[in-house]
């Protein structure tokens, strides 16, 4: 899979593919040492209770509202939703410096670094952890206690009994979000909000399609109607092949982001790329550019 946001590429992208997202077709190379490298509930949301999906008019209106929000580093309420399917412990990531790790172990570690980094940027950021299983479970209330959040991350573990094929109705997750999270409401859109809410889904299934059922579309439309709600996805998967559904799954997540305000990222067995993507998610949703306009490079600092 070649990451479009990593820089210019000569690969031709089909017109039906979202230009702002990664392409699902991760190519991995070995450096000879075993390490793989990539080739490169609230009052606001009830307004759309009867809507099945955001219409183009609603989407344009919401996009217009977001353009008026001050680009400030206001506090974030971040929901870290980690897939706990058994596939997350079966996918092996190679690294030359340590023994092979499962996807879940690396996601846990990347999550810890993410939380600590965000907290250093703004100590008022709050986090909660959700396990993505048959019944999504909130592990804790929103808190700024970094130690507590890291403990919650480490308490999660993959569940062997959880199905990794078939379909997963996203309504289960969105209902849990709607019931446990209060979205902010600001009378004057030109004023900084008290906080924004960001849902970060780490999805790790290569054979289980995330389904946007009628109920899922309805709830997601209600959440998305709030200009202070953002959705990011990090899709961790097997190497794409005719045997799995990696591309179909990734396309579904991309289709959910109609306004391109979220980051839809994907990685297949590349430790470096996994941590790079988590680093990209550190950027504040009110201050970052659209994903299609991003280009990240590492440069040496001259002291």
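In UniProt numbering, the protein residues as written are 1 to 303. From the three backbone atoms N, C-alpha and C, an ideal C-beta is built for every residue, glycine too. All figures in this text were calculated on a predicted structure; none of them were measured in a lab.
Can you have a look at residue 30 and say buried or exposed, based on whether 16 or more other CB atoms are within 10 angstroms of its CB? Low per-residue confidence applies at residue 30: pLDDT is 36, beneath 50, and the placement is therefore not dependable, though the value from the model is reported in the following sentence. Exposed.
Starting from residue 133, trace the alpha helix (DSSP H) both ways and give me its first and last residue. Element bounds for residue 133: n/a, residue is neither H nor E.
Return the first residue and the last residue of the alpha helix (DSSP H) that residue 145 is part of. Per DSSP, residue 145 belongs to no alpha helix (DSSP H) and is neither H nor E.
Fully enclosed by the region 66-109, which beta strand (DSSP E) runs are 3 residues long or longer? If we require 3 residues or more, the beta strand (DSSP E) runs fully inside the region 66-109 come out as 76-83.
Considering Cα atoms alone, identify which of 210, 237 and 255 is closest to residue 172. 210
Going by DSSP in three states, residue 111 sits in which element: helix, strand or coil? Residue 111: helix per DSSP, three-state reduction.
Would you tell me roughly how many angstroms separate the C-alpha atoms of residue 144 and residue 302, rounded to the nearest one? 33 angstroms
Using DSSP with H/G/I as helix, E/B as strand and the rest coil, what is residue 288? coil
Among the candidates 67, 116, 69 and 218, whose CA atom is the shortest distance from the CA of residue 281? 116
Please report the Cβ distance between residue 164 and residue 101, rounded to the nearest whole angstrom; I am assuming they are in contact, meaning their Cβ atoms lie under 8 angstroms. The pair is not a contact, with the Cβ atoms about 19 angstroms apart (cut-off 8 angstroms).
Return helix, strand or coil for residue 242, following the three-state DSSP convention. coil
Skipping 5 residues on each side, what residues in its chain have a beta carbon closer than 6 angstroms to that of residue 152? Excluding sequence neighbours, residue 152 sits near 129, 139 and 140.
Spatial neighbours of residue 86 within its chain, please: C-beta separation below 7 angstroms, excluding the five flanking residues on both sides. 158, 159, 160, 162 and 164.
Exposure label - residue 271; buried when at least 16 CB within 10 Å: buried
Quick one: give me the first and last residue of the beta strand (DSSP E) that residue 209 is part of. For residue 209, the enclosing beta strand (DSSP E) stretches over residues 207-211.
Whole-angstrom C-beta distance between residue 234 and residue 265, which should lie under 8 angstroms: 5 angstroms
Measuring CB to CB, does residue 168 end up less than 8 angstroms from residue 184? no
Thinking C-alpha only, which one of 229, 253 and 238 is nearest residue 65? 229
Which of the three DSSP states is assigned to residue 226 in this structure? coil
Strictly by DSSP, which residues pair up with residue 264? 233
Looking only at DSSP bridge pairs, what is residue 127 linked to? 78 and 143
Top-ranked residue by Cα proximity to residue 260, from 289, 84 and 214: For the residues 289, 84 and 214, the minimum Cα distance to residue 260 belongs to 289.
Which listed residue (255, 246, 212 and 186) has its alpha carbon closest to that of residue 226: 186
Taking the alpha-carbon of residue 293 as reference, which of 240, 263 and 278 has the nearest alpha-carbon? Relative to the Cα of residue 293, the nearest Cα in the group 240, 263 and 278 belongs to 263.
For a test of the three-state rule: what should DSSP assign to residue 274, helix, strand or coil? Residue 274 falls in the helix class under three-state DSSP.
Short CB-CB distance (under 8 angstroms) between residue 157 and chain C: This model lacks chain C altogether; it includes just one protein chain.
Using only CA atoms, which one of 155, 147 and 135 lies nearest to residue 170? Ranked by Cα distance from residue 170, the options 155, 147 and 135 are led by 135.
Out of 149, 74 and 217, which one is the CA nearest neighbour of residue 255? 217
Once DSSP output is grouped into helix, strand and coil, what is the label at residue 189? coil
Got a sec? Which residues, its chain only, sit under 7 angstroms from residue 53 by beta carbon, not counting five neighbours each side? The predicted position of residue 53 is uncertain, since its pLDDT is 32 and thus under 50; no value can be drawn from it.
How is the alpha helix (DSSP H) around residue 156 delimited, first residue to last? Neither: residue 156 is in no alpha helix (DSSP H) and is coded neither H nor E.
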